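Counting from 208, one number per residue, gives the positions in the sequence shown under the numbering used here. For each residue, glycine too, the CB sits at the ideal point set by N, CA and C. Note that the structure is predicted; figures quoted are calculated from it, not measured. Heads up: the structure comes next, in C-alpha cells.
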Amino acid sequence: MFVPRAVILDFNGTLSDDEPLLGRLLREALLEKAGVELTAEKFFGELSGLSDAEIIERTLRDAGIEPTAELEQTILRQKIDGYKEAAERELPISGDAAGFARTLADHVPVAIASGAPREEVAFVLELADLTETFCAVVCLDDVSRGKPDPEGYQLALAKLNGGRALTRSIVARETLAVEDSPPGVAAAKSAGLGCAAVPGDDRTMADADFVIDRLDPAAAEALLGRLG
Numbered sequence: 208m209f210v211p212r213a214v215i216l217d218f219n220g221t222l223s224d225d226e227p228l229l230g231r232l233l234r235e236a237l238l239e240k241a242g243v244e245l246t247a248e249k250f251f252g253e254l255s256g257l258s259d260a261e262i263i264e265r266t267l268r269d270a271g272i273e274p275t276a277e278l279e280q281t282i283l284r285q286k287i288d289g290y291k292e293a294a295e296r297e298l299p300i301s302g303d304a305a306g307f308a309r310t311l312a313d314h315v316p317v318a319i320a321s322g323a324p325r326e327e328v329a330f331v332l333e334l335a336d337l338t339e340t341f342c343a344v345v346c347l348d349d350v351s352r353g354k355p356d357p358e359g360y361q362l363a364l365a366k367l368n369g370g371r372a373l374t375r376s377i378v379a380r381e382t383l384a385v386e387d388s389p390p391g392v393a394a395a396k397s398a399g400l401g402c403a404a405v406p407g408d409d410r411t412m413a414d415a416d417f418v419i420d421r422l423d424p425a426a427a428e429a430l431l432g433r434l435g
C-alpha cells in the first residue's frame with residue numbers, strides 16, 4: 208500500500224471553508240471598483256478554483272474592460288481587506304480541519320499550494336496557530352501561472368525538498384494533493400501528484416483519485432495508509 212511521503216493542501220475551499228465568502232467579496236469589489244457584475248452562478252460554475260488574479264482579469268475582459276495593473280490591484284486590495292476582516296470575526300479554518308493538518312504534519316512534510324494572495328493565507332494561518340505546521344506555503348505571489356497550471360504544485364514540492372534534511376528527495380508520485388476544484392485537481396495531476404478531493408463539486412470528485420469525506424484528525428490518520 209502506497210503511503211504518501213508528503214501532502215500538499217489547497218487553501219481556499221479545502222483547508223479554509225471560505226468559498227462563499229470569496230465569491231461575495233470578489234463580486235462586491237468588482238462591482239464597486241469597476242462597475243462590473245459577477246453573478247454567483249458564474250463564479251461557482253466557471254471561475255471557482257482559479258487564482259484571484261485570473262478571476263478578476265477574466266471578469267473584466269468579459270465586460271469589455273481592459274484589466275490594467277492598477278485596476279486589478281485596486282479590486283484585489285478591497286477583496287483582501289474584506290477577507291481579513293471577515294476572518295477576524297469568524298475563523299474560516301475549523302478545529303477539525305486544523306487537526307487534520309497537524310496530524311498529517313506529525314508524520315509527513317505538509318505544504319500549501321494556493322491561488323490566494325500570501326497576505327490572506329498567512330493571516331489566517333496565524334489566526335489558526337498553523338503557521339509552523341507547514342514546511343512550505345506557495346501562493347499567488349509566487350507563481351506566474353495559476354491553477355490548472357501545475358507551477359504551484361511543482362514549486363511547493365521543490366520547497367519541501369529544499370527546506371528539509373531528507374535521506375532522499377520526495378518525488379511527485381510519492382506526494383498527495385488535497386483539492387476542492389477541477390482546476391486544482393488538474394494542476395495536481397499535471398504535476399504528477401496523486402489527488403484526493405473534499406466533497407462538493409461532482410466533477411472535482413470524479414477527476415480525483417478518491418474523496419475524503421471530511422477533514423479531521425481521523426481522516427488524516429486513515430489517509431496516510433489508504434492509498435494503493
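Q: Determine contact between the segment 283-298 and the segment 328-341, defined as no fewer than three beta-carbon pairs at a distance below 8 Å.
A: yes
Q. Along the chain, which unbroken stretches of the alpha helix (DSSP H) at least 4 residues long are found entirely within the segment 325-392?
A. 325-334 and 358-369
Q) Got a sec? Which residues, its chain only, sit under 8 Å from Pro424 by beta carbon, not counting five neighbours each side? A) Within the sequence shown, the letter at position 217 stands for residue 424. Closer than 8 Å at Cβ, skipping near neighbours: Asp303, Gly306, Phe307, Arg309 and Thr310.
Q) By how many angstroms is the C-alpha of Leu347 removed from the C-alpha of Glu358? A) Start at 1 with the first residue of the sequence shown, and residue 358 comes out as number 151. Start at 1 with the first residue of the sequence shown, and residue 347 comes out as number 140. Whole-angstrom Cα-Cα distance: 11 Å.
Q) What is the DSSP secondary structure of Ile272, reduced to helix, strand or coil? A) Here the question's residue 272 lines up with position 65 in the sequence shown. Coil.
Q. Nearest-angstrom Cα distance between Arg296 and Ala404?
A. Along the sequence shown, one-based indexing puts residue 296 at 89. Along the sequence shown, one-based indexing puts residue 404 at 197. Rounded to whole angstroms, Arg296 to Ala404 spans 28 Å at the Cα level.
Q: Would you list the residues sitting across from Ala323 in a DSSP beta bridge?
A: Counted from its first residue, the sequence shown places residue 323 at position 116. In the DSSP output, where bridge partners are listed per residue, Ala323 has none listed.
Q: Taking Ala335 as the reference, give the member of Ala213, Gly271, Ile215 and Asp224 with the closest Cα.
A: Counted from its first residue, the sequence shown places residue 335 at position 128. The option with the nearest alpha carbon to Ala335 is Asp224.
Q. Tell me the DSSP bridge mates of Gly401?
A. The sequence position of residue 401 within the sequence shown is 194, counting from 1. Leu383.
Q.
Could you check if Pro389 belongs to the surroundings of the ligand FMN, using beta carbon to heavy atom distance under 7 Å?
A. Among the components modelled here there is no ligand, and therefore nothing to report on the ligand FMN.
(Q) For Leu233 and Phe250, which I take to be in contact (beta-carbon distance under 8 Å), what is that distance rounded to the nearest angstrom? (A) Working through the sequence shown from its first residue, we reach residue 233 at position 26. Working through the sequence shown from its first residue, we reach residue 250 at position 43. With a Cβ gap of about 7 Å, Leu233 and Phe250 count as contacting.
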